[in-house]
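A short worksheet on the structure shown next.
2 protein chains.
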Amino acid sequence: MARDPKQNPRGGHADLHAHAIDADAVQGRARAYAASKGIPFTQMRQRVLALLAASGKPMAAYEIAEKLSDARRVQAVQVYRALEFLQEAGCVHRLASQSSYFACDHQHGSGETVVFMVCSQCGAVQEAASNLVARGLLGVAKTSGFKPLHPIVELEGECASCNSQPAR
Amino acid sequence: MARDPKQNPRGGHADLHAHAIDADAVQGRARAYAASKGIPFTQMRQRVLALLAASGKPMAAYEIAEKLSDARRVQAVQVYRALEFLQEAGCVHRLASQSSYFACDHQHGSGETVVFMVCSQCGAVQEAASNLVARGLLGVAKTSGFKPLHPIVELEGECASCNSQPAR
DNA sequence: CTCCAGGGTGTAATATTATAACAAACGTCC
DNA sequence: GGACGTTTGTTATAATATTACACCCTGGAG
Ligand SMILES: [Zn+2]
Ligand SMILES: [Zn+2]
Ligand SMILES: [Zn+2]
Ligand SMILES: [Zn+2]
């Protein structure tokens, strides 16, 4: 389960730079989405979101299941169901490059193109919207006669903290 | 194994628009890379590349293994090994959004930022380099103090053919 | 109130994607 | 030919994700 840090950066030097995000705010967004859809913001959904918000870093679904397991074991399928809701609600994103999930700090506009910057050293993710990237994508799509629907933009690299503290 | 087209576009309406790529050219690139590294361009590597080039669409590793199996069964691990080589050689890319692999038509420059346009209908992938996207990524990275190393840019949408022939 | 319908939950099973480990075969250099 | 490093074939296992189904909860119709 727990990955070997030498193999995979996630969990490398623990939660340096891991900035937990505002749990109340993101929970508010989830609750609002649920209300707007007339579906419940159930306890499992709350627990998964709270864990991701507190962690401040991407987590694998099975890792979430394990952390949420206490007396009663939480199965991965339950986590996947909660993640599905949370992604629809825009409160959680999936990192395609790592098949992991993280809580989102932002209230994204509908047409926004967001870049996920993933640190290879510490595993932290920062998000930033970019109009230039959005225009670039529209450009290549137009040139190719392609109708763009959903962009996935991930940037692997080194975050500011890791870059300044090389070996830590 | 074979996915349900209603669930997953890959394999939807077969190989409409699937433009097989120039097998000789891409094989030449692989051979050149192998020579430059002093490692062999073995038969398994050739077979995997030939299949991907002929298919012209992304394939899952296990799908490749199955198609390459004749008298002797080809195991997935053998395919993964070949894919590793082919990706290093720049002849094959991995689609992170689908965990599938496809042969590359282009000779990419070293710093190039390439966009993979994936059609949700027919599964075909087109590639295009974009300076604008590259600049956008550099921009958000700089703003965030992030050192970019490897970008992943995938655009899901509808290709020109599918867009003009909606229900086919 | 009772019944019903739609979701959500808990649980088991299974599918899909990817890697680890190791002995045998191969190729190249000496 | 022999040593050495790589590739292969094979088995096993890890990691990620979905399907199936019985049960439960809740809210509205009658
Ligand atoms: Zn976000
Ligand atoms: Zn970092
Ligand atoms: Zn390419
Ligand atoms: Zn198409």
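Listed in order, the protein sequences are those of chains D and L.
If you want the working numbering, it's the 1-based position in the first sequence plus 4.
If you want the working numbering, it's the 1-based position in the second sequence plus 4.
Backbone N, C-alpha and C fix where the C-beta goes; we use that ideal spot for every residue, glycine too.
| Query | Result |
| --- | --- |
| Close-in-space but distant-in-sequence residues of the same chain around L:Leu-72 (CB under 6 Å, 5 per side omitted) | Arg-51 and Val-78 |
| Distance cut-off 7 Å: L:Cys-163 Cβ against heavy atoms of ligand 4 | yes |
| Beta-carbon contacts of D:Lys-10 that lie in its chain and below 8 Å, excluding the five residues immediately before and after | Any answer about D:Lys-10 is weak, because its pLDDT of 38 lies below 50 and its placement is not dependable; what the coordinates show is given next. Here the set comprises nothing. |
| Per-residue DSSP class, three states only, for L:Ser-134 | coil |
| Neighbouring residues (CB closer than 5 Å to any heavy atom of ligand 1) | D:Cys-108, D:His-110 and D:Glu-131 |
| Integer-rounded CB distance, given that D:Ala-132 should sit under 8 Å from L:Thr-147 | 7 Å |
| Rounded distance between the beta-carbons of D:Ala-107 and D:Leu-56, thought under 8 Å | 4 Å |
| Alpha-carbon to alpha-carbon, D:Ala-22 and D:Gln-47 | 25 Å |
| D:Ala-128 beta carbon near ligand 2 (any heavy atom closer than 7 Å) | yes |
| Neighbourhood of D:Ala-54 by C-beta distance below 8 Å, restricted to the same chain and skipping five residues each side | Ala-27 and Gln-31 |
| Inter-stretch contact (C-beta, 8 Å, three-pair minimum) for the stretch 138-146 of chain L and the stretch 75-93 of chain L | no |
| Three-way DSSP call (helix, strand, coil) for D:Cys-123 in this model | strand |
| N-terminal and C-terminal residue of the beta strand (DSSP E) that D:Gly-161 is part of | 151-162 |
| Beta-carbon gap between D:Val-119 and D:Leu-159 smaller than 8 Å | yes |
| L:Val-78 (DSSP reduced to helix, strand or coil) | coil |
| Beta bridge counterpart(s) of L:Val-129 as assigned by DSSP | L:Val-122 |
| Where L:Pro-155 falls, given that 16 or more other Cβ within 10 Å makes a residue buried | buried |
| Same chain only: Cβ atoms within 6 Å of D:Arg-33, ignoring 5 sequence neighbours per side | Cys-95 |
| Any C-beta of chain L under 8 Å from that of D:Leu-72 | no |
| Distance between beta carbons of D:Glu-162 and L:Lys-151, contact taken as under 8 Å | 4 Å |
| Chain D contact for L:Ile-156 (CB, 8 Å cutoff) | yes |
| Residues that DSSP places opposite D:His-2 in a beta bridge | Outside the modelled stretch of chain D, which goes from 5 to 172, sits residue 2 of chain D, for which no answer is possible. |
| Cβ pair L:Ala-69, L:Ala-58 closer than 8 Å | no |
| Chain L contact for D:Val-177 (CB, 8 Å cutoff) | Outside the displayed range of chain D (5 to 172) lies residue 177 of chain D, so it cannot be described from this structure. |
| Any non-hydrogen atom of ligand 2 closer than 7 Å to L:Gln-31 Cβ | no |
| Cross-chain neighbours of D:Phe-106 in chain L, by beta carbon under 9 Å | In chain order: nothing, as chain L lies at least about 16 Å away. |
| L:Gln-102 Cβ short of 7 Å to ligand 4 heavy atom set | no |
| Under 7 Å by beta carbon: chain L residues contacting D:Lys-151 | Gly-161, Glu-162 and Asn-167 |
| Contacts that D:Thr-46 makes with chain L (C-beta to C-beta distance below 9 Å) | Those do not exist, as D:Thr-46 stays about 25 Å from chain L at its closest Cβ, beyond 9 Å. |
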